[in-house]
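Right, one structure below, let's go through it.
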């Protein structure tokens, strides 16, 4: 009688072991199938698999611990069937941005009447916009045209550095341009003495050096962290906000340093720009003639549009990242596309439309007649 429970227990153990074996085989089969699918879709690189102790997404490390990780670019998640159409749209934005900003630089160089502080700052803004466009162009071309979705750690971090370097620099350029407008309207008699060529050069260098010093530590802060699992990025380019979610280590220092960058650049710059326009508005309202008030304000319209386009897009990206965690990945991707592609494209268009000298020179170049 006592042998029967033991036999039943043994039969249950065999049954459980058999079921566990079936489940293990099913898991392994599913993992292998997932691997094959991800390799075919370009989500992972087959070279990762030999270093893995478990399948992707199952907690395994997908690269040799002695090597740096490889990242996968996804382009536009959810629109895989429309990648060619999206590249056509992005290609149009690239062409307008590169041609428009190049024309601005050429016109300012050739037109003697534009050799003034305001247009020197505009040239710096155009150089910055070209930098943003060329920073994202290589991986966007590789992802959408040639379907090359993998990027090495060093290449990804280098692209991240240049993208953030130019975006932070743009905030500084917009700030010095607001100072130019403040001096021109509030202290017009001292404009030429305050904004000399040497001072304009120093202000431009300040925007460049500040951006470099703030962004330079980011690659090293990322390189010290261990990366694991499937390192898939949600864009066709590398951004710090995307990369910071991939490491397995403690990212507290990275988050604190990122907050310092945001507060000391976008936060401080936007506050100073707002303060300068409060002073400008106060000076304009003191002008007796309505026509003179409108004429004076009209000199600020181009800069105001550039400021609004840049900071509204930046606020949209920040709000989406902060409060839109449950939003589809496509929403985050579209917001980043607007932030990185729209300002470089619209800035030369706005300044060409609102600046008489640039409009006149463009018309003479295009149709050979004076507008």
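Numbering (my numbering), first residue to last: 188 to 558.
A virtual CB, placed ideally from N, CA and C, is assigned to each residue, including glycine.
Just mark residue 332 as buried or exposed, buried being the case when its beta carbon has 16 or more other beta carbons within 10 Å. exposed
Looking only at DSSP bridge pairs, what is residue 339 linked to? 257
With a threshold of 8 angstroms, are at least 3 pairs of Cβ atoms found where one atom belongs to the region 347 to 365 and the other to the region 393 to 412? yes
Between which residues of its own chain and residue 504 is the CB-CB distance below 7 angstroms, once the five residues before and five after are set aside? 522, 523, 526
Can you tell which of 502, 305, 535, 343 has its C-alpha closest to the C-alpha of residue 384? Ranking 502, 305, 535, 343 by Cα distance to residue 384 puts 305 first.
Sub-8 angstroms separation of residue 538 and residue 463 beta-carbons: no
May I ask you to report which of helix, strand or coil DSSP gives residue 417? coil
Over the uninterrupted alpha helix (DSSP H) stretch that includes residue 316, give me the two end residues. 304 to 331
Beta-ladder partner(s) of residue 434, from DSSP: 414
Does chain D have any CB closer than 8 angstroms to the CB of residue 311? No chain D appears in this structure, which consists of one protein chain only.
State the DSSP-derived secondary structure class of residue 345, mapped to helix, strand or coil. helix
Taking 8 angstroms as the threshold, find out whether the region 322 to 330 comes into contact with the region 359 to 369 through three or more Cβ pairs. no
Flag this pair as touching only if the region 442 to 458 and the region 469 to 479 have three or more C-beta atom pairs under 8 angstroms; answer yes or no. no
One question on the structure: do residue 485 and residue 312 come within less than 8 angstroms of each other, judged by their Cβ atoms? no
Within 10 Å of its beta-carbon, does residue 364 have 16 or more other beta-carbons around it, so buried, or fewer, so exposed? buried
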